[in-house]
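Numbering (the working numbering), first residue to last: -11 to 133.
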């Protein structure tokens, strides 16, 4: 028995039978789904907070490095101008360049480590929540099955 209007291009089509044949699973508990999404947003907020704190720590440390570099540069210029012997000045200049390079590499490594630590902590929070969310979604569908 067709429930479509007589002027339908598909007179044998029965929408109710079609939907029943689809065997669409029952929808999960809406409250549980909303609670899961709320926890997802909380985890995302927490990960963003951790990332922001990490970025602030990197910026603070970078500022400290710049201030230290400027201070060291002032001292270096004083030392270089105090030396009048050209060979002494060249040797001192080479030593200062070596020290500057080593300090630069060390500072870059430190900043990279800070960034990596912050990123790992934020991703860890997101990965943990993702795993929990998948378990929650599976449980919701298992209840309805």
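Note that beta-carbon positions come from the ideal geometry of N, C-alpha and C, so glycine has one too. These numbers come from a predicted model, not from an experiment.
*Quick one: using the 10 Å Cβ neighbour count with 16 as the cut-off for buried, is residue 69 buried or exposed?*
Start at 1 with the first residue of the chain shown, and residue 69 comes out as number 81. Within 10 angstroms of the beta-carbon of residue 69 lie fewer than 16 other beta-carbons, which makes it exposed.
_Quick check on the DSSP output: the alpha helix (DSSP H) that includes residue 36 runs from which residue to which?_
Counting from 1 along the chain shown, the entry for residue 36 is found at position 48. 18 to 70 is the span of the alpha helix (DSSP H), which, as asked, contains residue 36.
*Neighbourhood of residue 65 by C-beta, 6 angstroms cutoff - its chain only, sequence neighbours within 5 removed*: Your numbering for residue 65 matches position 77 in the chain shown. Closer than 6 angstroms at Cβ, skipping near neighbours: no residue.
*asked:* If you measure between the beta carbons of residue 102 and residue 46, is that distance less than 8 angstroms?
replied: Sequence index remark: in the chain shown, residue 102 carries index 114 (1-based). Sequence index remark: in the chain shown, residue 46 carries index 58 (1-based). Their beta carbons are under 8 angstroms apart, which means residue 102 touches residue 46 by this criterion.
*Can the beta-carbon of residue 49 be found less than 8 angstroms from the beta-carbon of residue 90?*
Start at 1 with the first residue of the chain shown, and residue 49 comes out as number 61. Start at 1 with the first residue of the chain shown, and residue 90 comes out as number 102. No, they are not a contact pair.
*Just mark residue -2 as buried or exposed, buried being the case when its beta carbon has 16 or more other beta carbons within 10 Å.*
Your numbering for residue -2 matches position 10 in the chain shown. Residue -2 comes out exposed.
_Taking 7 angstroms as the limit between beta carbons, can you name the residues of its chain near residue 113, skipping five residues before and five after?_
Here residue 113 refers to the residue found at position 125 when the chain shown is read from its first residue. Close CB contacts of residue 113 within its chain, under the 7 angstroms cut and outside five residues either way in sequence, are with 31, 34, 35 and 38 (chain order).
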